[in-house]
Amino acid sequence: MEIIKKILFLTIWIILSVKSNQIASGQLIEAEKDTLSNHGLFITSALLELKLDFDFDSVFSDIGDFPSYHKAILTYTDSLSHQVRLNIEIRTRGSFRKESVNCNFPPLRLRFTKEESVNTIFQGLKTVDMVTHCQNDLKEYEQYLLQEYLIYRCFNILTEMSFRVRLLRVTYSDTQTEGRTIEKFSFLIEDRDAMAERNSGTILNTSIANPARVDQDQFTLVSFFEYMIINSDWSLPIMHNIEVISTDYFEAPYPVPYDFDWSAVINIPYMVPGIGNKAEELKVREYKGACRSNKEFREIVDLYNEKRMEIYQLYLDFEQLEDSYKQLIFIDYNDFYSIINDRELFRSSIREHCIKYK
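All letters in the sequence shown, in the order written, are residues 1 to 358 by the working numbering.
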């Protein structure tokens, strides 16, 4: 089995190496500039190194339903090699990952003042969410985080109606205990209003949505994507891990997914009450999308096929993710492409499970 995995990985590497010149990084950056929002934090995918100084105990113990903001100092080096120091505030956020029984290092939200952020890469931001490594002492959790980061980047390849992310290498320093530091990967997620503004729209603040009343091409694109990454932890009807953007009052709004850590492509071994180790569950794909005509399904399949090599190249070029994880991801993605490109598999796996929303 290991030999087969290595052969598969090598084959994909060779195929994509031939195509690598067609996906020049300069072209990707130029495309991003054309749709830049009101700040430059997400204009590039370059790794950003920064330092966060705060009181660990005060922040990490504040994990109730309404956590308070706490003082922190953010430091980074700008493009001119100048050290930039900002007085900010941070707090814990999230739900499952905020609970100490699940993660001993919870996700964070950073809050900026206009005066502090002016003329920095954070200018124009009020808040920004940070996805953190969850477990301090388990090295593999950084690899899980990097995989979720890449899933966001994959959806960026498919559509601009998506959340942008920025990879970080963060040194966390406890202001109350000298020498107590943690250095880990993390990533920032674009603010939802900024994402909507970038797409000339606004966020619809609603707790429910009728799948039949959203843009059907975007809904199918999202449904295929969640199916590809083997993620069932989402729902459009109850607005779970989904935002909806309106770009025109007279047109159907667009669903945009987020929060992919429960994807079986990543397969984080969370311990779930009543279930046990999530990683022990079988990888089962569940299609939650609407039924479409053959022509409409074909258009989405064609898009995924068109972007396939660019998605694979994203992983191959990403040095921070270990090759062993890339091999497993390619196996899962190859299974997805086998399904959508085989008439019988498509019928039994997707068409027979699509939902006739009204």
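Even glycine gets a Cβ: it sits at the ideal position worked out from N, Cα and C.
Under the DSSP assignment, Ile-208 falls outside any beta strand (DSSP E); it carries neither an H nor an E label. Here the alpha carbons of Leu-110 and Gly-94 stand approximately 13 Å from one another. Ranking Ala-252, Ser-45, Pro-269, Glu-306 by CA distance to the CA of Tyr-144 puts Pro-269 first. Lys-51 has its alpha-carbon roughly 17 Å from the corresponding atom of Phe-60. A contact between stretches requires three or more CB pairs, one per stretch, nearer than 8 Å, and the segment 175-184 fails this requirement with the segment 148-163. Contiguous beta strand (DSSP E) elements confined to the segment 159-246 occur at 165-174, 181-189, 242-246, taking only those with 3 or more residues. Check the Cα spacing between Asn-205 and each of Ala-194, Trp-234, Ile-245, Glu-226: the tightest is with Ile-245. Rounded to the nearest angstrom, the Cβ distance from Leu-167 to Leu-321 is 11 Å, too far for a contact under 8 Å.
By the neighbour-count criterion, in which a residue is buried when 16 or more other Cβ atoms sit within 10 angstroms of its Cβ, Ala-212 is exposed.
Sequence-distant partners of Ala-72 (beyond 5 residues in either direction) whose C-beta falls short of 7 Å from its own C-beta, in its chain, are Leu-52, Asp-53, Phe-54, Ile-88, Glu-89, Ile-90.
Under the three-state reduction of DSSP, Cys-354 is assigned to coil, being neither helix nor strand. In the three-state DSSP reduction, Tyr-270 falls in the coil class, being neither helix nor strand. Note on Ile-208: under 16 other CB atoms within 10 angstroms of its CB, so exposed under the neighbour-count rule. By alpha-carbon distance to Leu-188, the top candidate from Glu-197, Ser-200, Gly-201, Arg-164 is Arg-164.
In the three-state scheme derived from DSSP, where H, G and I count as helix and E and B as strand, Lys-326 is classed as helix. Contact between Phe-346 and Ile-339 holds, with the beta-carbon distance rounding to 6 Å and staying under 8 Å. Beta-bridge partners of Thr-132 (DSSP): none assigned.
Within the same chain, Phe-54, Asp-55, Ser-58, Val-59, Asp-62, Glu-89, Ile-90, Arg-91 come within 8 Å of His-70 by CB-CB distance, once the 5 residues on both sides are set aside. Per DSSP, Asp-57 is one residue of the alpha helix (DSSP H) stretching across 56-60. Asn-136 sits away from Phe-155, with the two beta carbons spaced by 8 Å or more. For the pair Ile-266 and Lys-114, the Cα-to-Cα distance works out to about 37 Å. Rounded to the nearest angstrom, the Cβ distance from Thr-247 to Arg-292 is 21 Å, too far for a contact under 8 Å.
For Tyr-312, there is no enclosing beta strand (DSSP E); the residue is part of the alpha helix (DSSP H) that begins and ends at 294-317.
Under the criterion of beta carbons closer than 8 Å, Val-214 and Leu-236 qualify as touching, at roughly 7 Å. The DSSP-derived three-state label of Phe-260 is coil. If you draw a straight line from the Cα of Gly-124 to the Cα of His-353, it is about 44 Å long. With a cutoff of 8 Å on beta-carbon distance, Ser-348 and Glu-286 are scored as not near each other. Contact check for Phe-225 against Leu-303 fails: the beta carbons are separated by 8 Å or more. With a cutoff of 8 Å on beta-carbon distance, Pro-107 and Asp-129 are scored as near each other. Residue pairing of Ala-290 in beta bridges, as defined by DSSP: Ile-355. Following the DSSP letters along the chain, one finds Glu-99 in no beta strand (DSSP E), marked with neither H nor E. Of the other Cβ atoms in all chains shown, fewer than 16 fall within 10 Å of the Cβ of Ser-68; this residue is therefore exposed.
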